[in-house]
Amino acid sequence: MLEAEVSTTEKAALPKELPSSQRISRFRWGWDQQQIRFGEMLTPLGELGRSLLFAGPGVLWVMFFLVLPGLLLVVYSFLSRGDFGQIQLPLTLENYLRILGYGPLGWTPIYWQILGRSLLVAGVTTVFCVLLAYPLAFFIAAHPPRQRDLLLTLVVIPFWTNLVIRTYAWMLVLGPEAWPARLAAWLGWIPPQTALYPGWLAVYLGMVYTFLPYMVLPLYTAVERIDWRLAEAARDLYANGWQVFWRILLPQTLPGLAAGLILVGIPAFGMFVVPDLLGGSKTLLIGNVIQLQFGSSLDYPFGAALSFLVTGLTLALLYAYSRYVGTRSLEDLL
Amino acid sequence: MIAGTSREPDWDVELRGLYKRFGDFVALNGIDLQIRRGEFFGLLGPSGCGKTTLLRILAGLEMADAGTVLIRGRQVGHLPAHQRNVNTVFQSYALFPFMTVAENVGFGLRMRGVRGETLHKKVAAALELVEISAFAERKPHELSGGQQQRVALARALVNEPEVLLLDEPLSALDAKLRKQLQVQLCELQRRLGMTFIFVTHDQEEALVTSDRVAVMRAGRIEQVGLIDEVYERPATAFVADFLGASNFLQGTACGTDCVDTPLGKLKVLGIPASHEPVQLAIRPEKIQLSRTGWDLLPNQVPVRVENLIYTGAENQYLLRAINNQQLKATALNTDNEDFGFAIGESLVAHLPPKSLIRLQSAPLPTGGSLDA
Numbered sequence: 000m001l002e003a004e005v006s007t008t009e010k011a012a013l014p015k016e017l018p019s020s021q022r023i024s025r026f027r028w029g030w031d032q033q034q035i036r037f038g039e040m041l042t043p044l045g046e047l048g049r050s051l052l053f054a055g056p057g058v059l060w061v062m063f064f065l066v067l068p069g070l071l072l073v074v075y076s077f078l079s080r081g082d083f084g085q086i087q088l089p090l091t092l093e094n095y096l097r098i099l100g101y102g103p104l105g106w107t108p109i110y111w112q113i114l115g116r117s118l119l120v121a122g123v124t125t126v127f128c129v130l131l132a133y134p135l136a137f138f139i140a141a142h143p144p145r146q147r148d149l150l151l152t153l154v155v156i157p158f159w160t161n162l163v164i165r166t167y168a169w170m171l172v173l174g175p176e177a178w179p180a181r182l183a184a185w186l187g188w189i190p191p192q193t194a195l196y197p198g199w200l201a202v203y204l205g206m207v208y209t210f211l212p213y214m215v216l217p218l219y220t221a222v223e224r225i226d227w228r229l230a231e232a233a234r235d236l237y238a239n240g241w242q243v244f245w246r247i248l249l250p251q252t253l254p255g256l257a258a259g260l261i262l263v264g265i266p267a268f269g270m271f272v273v274p275d276l277l278g279g280s281k282t283l284l285i286g287n288v289i290q291l292q293f294g295s296s297l298d299y300p301f302g303a304a305l306s307f308l309v310t311g312l313t314l315a316l317l318y319a320y321s322r323y324v325g326t327r328s329l330e331d332l333l
Numbered sequence: 000m001i002a003g004t005s006r007e008p009d010w011d012v013e014l015r016g017l018y019k020r021f022g023d024f025v026a027l028n029g030i031d032l033q034i035r036r037g038e039f040f041g042l043l044g045p046s047g048c049g050k051t052t053l054l055r056i057l058a059g060l061e062m063a064d065a066g067t068v069l070i071r072g073r074q075v076g077h078l079p080a081h082q083r084n085v086n087t088v089f090q091s092y093a094l095f096p097f098m099t100v101a102e103n104v105g106f107g108l109r110m111r112g113v114r115g116e117t118l119h120k121k122v123a124a125a126l127e128l129v130e131i132s133a134f135a136e137r138k139p140h141e142l143s144g145g146q147q148q149r150v151a152l153a154r155a156l157v158n159e160p161e162v163l164l165l166d167e168p169l170s171a172l173d174a175k176l177r178k179q180l181q182v183q184l185c186e187l188q189r190r191l192g193m194t195f196i197f198v199t200h201d202q203e204e205a206l207v208t209s210d211r212v213a214v215m216r217a218g219r220i221e222q223v224g225l226i227d228e229v230y231e232r233p234a235t236a237f238v239a240d241f242l243g244a245s246n247f248l249q250g251t252a253c254g255t256d257c258v259d260t261p262l263g264k265l266k267v268l269g270i271p272a273s274h275e276p277v278q279l280a281i282r283p284e285k286i287q288l289s290r291t292g293w294d295l296l297p298n299q300v301p302v303r304v305e306n307l308i309y310t311g312a313e314n315q316y317l318l319r320a321i322n323n324q325q326l327k328a329t330a331l332n333t334d335n336e337d338f339g340f341a342i343g344e345s346l347v348a349h350l351p352p353k354s355l356i357r358l359q360s361a362p363l364p365t366g367g368s369l370d371a
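Order-wise, the sequence lines are chains U and C. Counted the way numbering that gives the first Met the number 0 counts, the first sequence spans residues 0 to 333. Counted the way numbering that gives the first Met the number 0 counts, the second sequence spans residues 0 to 371.
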């Protein structure tokens, strides 16, 4: 049917003197030439219009709220800070030199340290999230479907409350009057009447708590898709329980793990709310430093340089990761 | 506790009183079965008859609620799958998708601590055996169904199991490939001398491959025997109908070797003088047809051709005899004179006395709540 329609319209559009061999050719091109595209008769112009209609709003959104601010950030990072925090010329590399450690008071490794510390915190947080999320994902997947939905809802419920408020709640939980601090005091680990924050323990608790759902959800999806017949086959081939888990079940969850690593690792690297509220000056992370530049320090150019660096580092890590693991899990994520 | 080893040394598998239920469903209802060393044993039955459950109990993937499982005289009923020297070729193949063909085949050996050169050699030999050496480094999803099937076979065979279990291994393949692999499986089994237990619901597959078969129905074994024995002398109507096709005749004995049926009095061998009811079966291909009839032969019945199905190799006739009795008969597609009857033609059917099989009178084994 459609084929027939094409040939008649093509015939109508063609001058008569063309040889018949060209008349049935499908691969001609012209602005007014109708072809079947995506199951519709469209001219190339029409197709372009259709594409803009559907993709245009999204493209504009990304341009205005992601690409342009990003470019602005790059420009800022090469400008200087005025005496009152205003952004002004001249163009300079000073912001980047300062990150490398060449400040007005001589060389200092402070930003390297903070960067390294941030990577470490993100790494440790991710590892703990993996260790906690695996049993949880299997636990949820082992339930009948209706109970699974309930359990998954429980995992997601914290998202209904703002992160800052949840972090303040941790301050209550870890406060001097609550039983964890009392227990620690009774055991002699901390002096009586003191809180369990600020400190690394509180920061890690808060970080793992915050990011655990981002690890559980993709892992659960992977666990739910496990082909258990393969486990039976492995059993039949003399694998014991641990071998079945390590060699047969775990490999099937790797796409979920990869997604979880990215979903947890990247935001954990830039996190500032949790270390800000539950940590002190010793737990300053790169996120906090950036936040300070745009906040009390009013040094937008330096903040921009730091942001640009963090973004670049993240992209570089992602690139290395995709080269090593492959992009399939990243595509799954999208 | 070792039982039966000295008495019956050549039983590879012995099952006694196996019973298994899933909730209210009784999957196995008292299975007693012996399987010889080195035989190709077919477990045949309709879906839901318990044949796969039986296989899974042998593999150790399922535990029986009651009964004994002996493999080479050793009690294994309590052992989990990985401690049994038995391997399975699964219906779904269950190949590990993230491993290459060679890694798949070597998995069982590696789990048993085989490493290095020995591992390499054994895997290579197994791949050679099923003719997939060329695909050793591919992933399972890059192979065709038939090739995947061979990998599954090699993965099981490489461990040299005491018994190889095959759970409808050919059911996912197309008809032509299936027939080819049936023959190859037989050849392989004979070459290796390994005990194969082959589950299938396809009677033709069982006929082609198996030395002996057990026909199962509703958690019980209906009949066990050599494949030709079971085909030629089916014990019950169910077996006669499931394995091949059959005509059934209800009658009463009317003296020695005589049964009174709707077709008249027929001569049947092995009927004692009595007046008890008798159920008879005859295979369609055993019925002879003729336009003229034969001299001196008993059991000649006038029939009319009601329908004819041409299947290439043979013709299938649906015949109507006296008392509205229907008979199915098949005849090979030869170019003989006495062949190629048309619909509506009147013929004489000969039911040879030795081809009329007396079935066990009880139509159903008392299966408890199973058939309710």
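The beta carbon of each residue, even a glycine, is placed where N, CA and C say it ideally should be.
Three or more beta-carbon pairs separated by less than 8 Å link the segment 8 to 27 of chain C to the segment 47 to 63 of chain C, which places the two stretches in contact.
Residues of chain C with a Cβ closer than 8 Å to the Cβ of residue 133 of chain U do not exist, since the nearest Cβ in that chain sits about 18 Å away. At a cut-off of 9 Å, the C-beta of residue 162 of chain C has no neighbouring C-beta in chain U. Under the 10 Å beta carbon count, residue 273 of chain C is surrounded by fewer than 16 other beta carbons and is classified as exposed. Looking from the CA of residue 264 of chain C, the closest CA among C:42, C:176, C:243 and C:322 belongs to C:322. Residue 191 of chain C is outside the set of residues whose beta carbon lies under 9 Å from a beta carbon in chain U.
In the three-state reduction of the DSSP assignment, residue 119 of chain C falls in the helix class, which pools H, G and I. In this structure residue 215 of chain C touches residue 43 of chain C by the C-beta definition: roughly 7 Å separates them, less than 8 Å.
Linking residue 265 of chain U to residue 303 of chain U through their CA atoms gives a straight-line distance of about 18 Å.
Counting of Cβ neighbours within 10 angstroms places residue 87 of chain C among the buried residues, the total reaching 16 or more. As the crow flies, the alpha-carbon of residue 312 of chain U is around 21 Å from that of residue 274 of chain U. Residue 159 of chain C has no beta-bridge partner at all, per DSSP.
A buried status is given to residue 200 of chain C, since no fewer than 16 other beta-carbon atoms sit within 10 Å of its beta-carbon. Note that the segment 212 to 229 of chain U touches the segment 254 to 271 of chain U; at least 3 beta-carbon pairs, one per stretch, sit closer than 8 Å. Closer than 9 Å to the CB of residue 250 of chain U there is at least one CB belonging to chain C. With a threshold of 9 Å between beta carbons, residue 46 of chain C makes no contact with chain U. Counting only residues of its own chain and dropping the five nearest sequence neighbours on each side, residue 186 of chain U has no CB closer than 8 Å to any other CB. Runs of the alpha helix (DSSP H) lying entirely within the segment 244 to 288 of chain U and spanning at least 4 residues, in chain order: 249 to 269 and 272 to 277. Judged by DSSP secondary structure, residue 39 of chain U falls outside any alpha helix (DSSP H) and instead within the beta strand (DSSP E) spanning 39 to 41. Ranked by Cα distance from residue 53 of chain C, the options C:219, C:240 and C:301 are led by C:219.
A straight-line Cα-Cα distance of about 11 Å links residue 37 of chain U and residue 49 of chain U. Residues of chain C whose Cβ lies closer than 9 Å to the Cβ of residue 116 of chain U do not exist; the shortest such Cβ separation is about 36 Å. Closer than 9 Å to the CB of residue 154 of chain C there is at least one CB belonging to chain U.
Around residue 176 of chain C, the same chain offers 145 as residues with beta carbons nearer than 6 Å, after the five sequence neighbours per side are excluded. Cβ contact annotation for residue 179 of chain U (same chain, cutoff 8 Å, sequence separation greater than five): 172, 173 and 195, in chain order. Interface flag for residue 314 of chain C against chain U is unset, since no Cβ pair is found closer than 9 Å.
Interface annotation, residue 212 of chain C: not in contact with chain U, CB-CB separation never under 9 Å. Non-local beta-carbon contacts of residue 125 of chain U in its own chain, meaning distances under 7 Å to residues more than five positions away in sequence, involve 260, 263, 264 and 267 in chain order. Within the DSSP bridge table, the entry for residue 196 of chain C names C:40 and C:164 as partners. Closer than 9 Å to the CB of residue 297 of chain C there is not a single CB belonging to chain U.
The C-beta distance from residue 147 of chain U to residue 139 of chain U rounds to 6 Å, short enough to meet the 8 Å contact threshold. DSSP lists C:216 as the bridge partner or partners of residue 219 of chain C. Around the CB of residue 226 of chain C, 16 or more other CB atoms lie within 10 Å, so the residue is classed as buried. In the DSSP annotation of this structure, the continuous segment of the alpha helix (DSSP H) that includes residue 68 of chain U starts and ends at 67 to 75.
DSSP places residue 140 of chain C in the helix class (H, G or I) of the three-state scheme.
Between residue 125 of chain C and residue 153 of chain C, the beta carbon gap of about 4 Å places them in contact (Cβ cut-off 8 Å).
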